[in-house]
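Residue numbers (our numbering): 72 to 553.
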């Protein structure tokens, strides 16, 4: 995992936020304009040539001589490749997302396979009454089969010490978090404080595991209704589809009549998995109707992509509109007329695609904070040991809505109760959704609203720091490899 240095006042982080479309790559890199080239030169030329062909905004990329791939340097091949992709990103202000990674990490985005501690943290107020000025680093989640998950680490705990060093809201603590999670160190000793005030010491080592995408599911009975609630962490490929089908089979067996989908930490992922979830949620009336369309650059849509076609075996109509319109199918599983999504600034890409695709067909309510804003995506092109992800498409829903680069604003602003366990009905965002289900309105008594406003103020003050810490993680949507 790359190391990202995070500072309280100034942060220098390059982040890839992404969406992707499936392609079967050929590992042979094309010969670029360089007549006799080293592997490093071929990698740079290939990044330029493929990006020039598939980039959504290909008109902004200048000629080879003007762009001059050879000028991009780095201490490693990956560093140089990243510098070059950042040079392409700089040509289009809307592109915050194009990136380069290793083929191994690229495959992990589809399968959930990774090497990590298996949990992540977020800065939040530890106080239960005002003033809310004691900031701690709370556990957001822990993957079931990860080192953290098997050790019993839970959401709502906070990190008190790492390797016997106290963790506070300080530059030295932030540096330690960086080196622990994203540095070369492969093990650490953590002291956690639980919600009841007790402490526990756990030694963890980064190991390989497969992430689960469903972090929690439960049925909540309230006001005579059965509410299905589940936390969906990321749109991986086939493993996520299996988990989603299991969750909705369970909800159907329980006879739920309302649904809350928690996407607050979901950075996106596979568009095909998004289609599965959209079909499971959508009403029967949406069946066989347009869900969304992919829009590529004009050359791809017209079949003018000789380099990509040679590398992958695509046909000339692979990117045409008629071959890139996705329809709803087998909808109405739960017979829902409305759906509630818990969201945050970490809700991105395929998560936003899901929201946008459902809006024309049912009532969609958002609770939390404004989403990330990423209506574009990509598919990977493999070159040597790397996968490049230049932005290559945008999506448009059945109503023609796209370009939500500023995200979706919530219908109800609510803080992330990161000190609460999943499914706790007093957690602010979940409580707001349940209130609407019971009363038809989000607003409650002023005495209940004031604590939420105070927590939101603190959360928004800490947001820049949390965003930068999250920027070291994947954020986006993609089309999987076939």
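Note that beta-carbon positions come from the ideal geometry of N, C-alpha and C, so glycine has one too.
Evaluate residue i with the Cβ neighbour count: other Cβ atoms within 10 Å of its Cβ, from every protein chain shown; 16 or more gives buried, anything less gives exposed.
i: residue 237; result: exposed
i: residue 166; result: buried
i: residue 416; result: buried
i: residue 296; result: exposed
i: residue 207; result: buried
i: residue 243; result: exposed
i: residue 381; result: exposed
i: residue 100; result: Caution is warranted here: a pLDDT of 45 is assigned to residue 100, below 50, making its placement in the model unreliable, and no coordinate value can be reported.
i: residue 530; result: buried
i: residue 520; result: exposed
i: residue 445; result: buried
i: residue 453; result: buried
i: residue 342; result: buried
i: residue 514; result: exposed
i: residue 74; result: With a pLDDT of 32 at residue 74, under the threshold of 50, the predicted position of this residue should be treated as unreliable, though the coordinate-derived value follows. Residue 74 is exposed by the Cβ-count criterion.
i: residue 161; result: exposed
i: residue 503; result: buried
i: residue 133; result: exposed
Check for me: the beta strand (DSSP E) holding residue i runs from which residue to which?
i: residue 141; result: Careful: residue 141 lies outside any beta strand (DSSP E) and carries neither H nor E.
i: residue 172; result: 170 to 173
i: residue 437; result: 434 to 439
i: residue 373; result: Premise fails: residue 373 is in no beta strand (DSSP E) and is neither H nor E.
i: residue 185; result: 184 to 187
i: residue 453; result: 452 to 454
i: residue 151; result: First-last for residue 151: 148 to 160, but that is the alpha helix (DSSP H), not the beta strand (DSSP E).
i: residue 305; result: Where residue 305 is concerned, there is no enclosing beta strand (DSSP E), given that its DSSP letter is neither H nor E.
i: residue 459; result: 457 to 460
Going by beta-carbon coordinates alone, are residue i and residue j separated by less than 9 Å?
i: residue 193; j: residue 176; result: no
i: residue 354; j: residue 320; result: no
i: residue 425; j: residue 327; result: no
i: residue 180; j: residue 549; result: yes
i: residue 335; j: residue 439; result: yes
i: residue 315; j: residue 344; result: yes
i: residue 214; j: residue 304; result: yes
i: residue 460; j: residue 169; result: yes
i: residue 464; j: residue 450; result: yes
i: residue 184; j: residue 282; result: yes
i: residue 432; j: residue 484; result: no
i: residue 124; j: residue 378; result: yes
i: residue 189; j: residue 261; result: no
i: residue 230; j: residue 209; result: yes
i: residue 302; j: residue 288; result: yes
i: residue 195; j: residue 474; result: no
i: residue 489; j: residue 226; result: yes
i: residue 197; j: residue 233; result: no
i: residue 418; j: residue 468; result: no
i: residue 256; j: residue 264; result: no
i: residue 330; j: residue 298; result: yes
i: residue 187; j: residue 140; result: no
i: residue 357; j: residue 404; result: no
i: residue 472; j: residue 430; result: yes
i: residue 525; j: residue 171; result: no
Taking DSSP's pairing of strands, which residues face residue i in a bridge?
i: residue 233; result: 236 and 261
i: residue 298; result: 291 and 329
i: residue 363; result: 397 and 468
i: residue 312; result: In DSSP, residue 312 forms no bridge with anything.
i: residue 483; result: 438
i: residue 409; result: 434
i: residue 193; result: 209
i: residue 225; result: According to DSSP, which records beta bridges pairwise, residue 225 is partnered with nothing at all.
i: residue 285; result: 303
i: residue 275; result: 259
i: residue 270; result: 264
i: residue 448; result: 464
i: residue 414; result: 439
Between which two residues does the alpha helix (DSSP H) carrying residue i extend?
i: residue 280; result: Looking at the DSSP string, residue 280 is not in any alpha helix (DSSP H); the run it does join, the beta strand (DSSP E), is 278 to 281.
i: residue 116; result: 110 to 125
i: residue 220; result: 218 to 221
i: residue 509; result: 499 to 510
i: residue 421; result: 421 to 429
i: residue 253; result: 242 to 253
Which whole-angstrom value describes the C-beta separation of residue i and residue j, a residue pair presumed to lie in contact below a C-beta threshold of 8 Å?
i: residue 306; j: residue 339; result: 6 Å
i: residue 346; j: residue 392; result: No, residue 346 and residue 392 are not in contact; Cβ-Cβ is about 17 Å, not under 8 Å.
i: residue 412; j: residue 332; result: 5 Å
i: residue 182; j: residue 386; result: So it is not a contact: roughly 27 Å between Cβ atoms.
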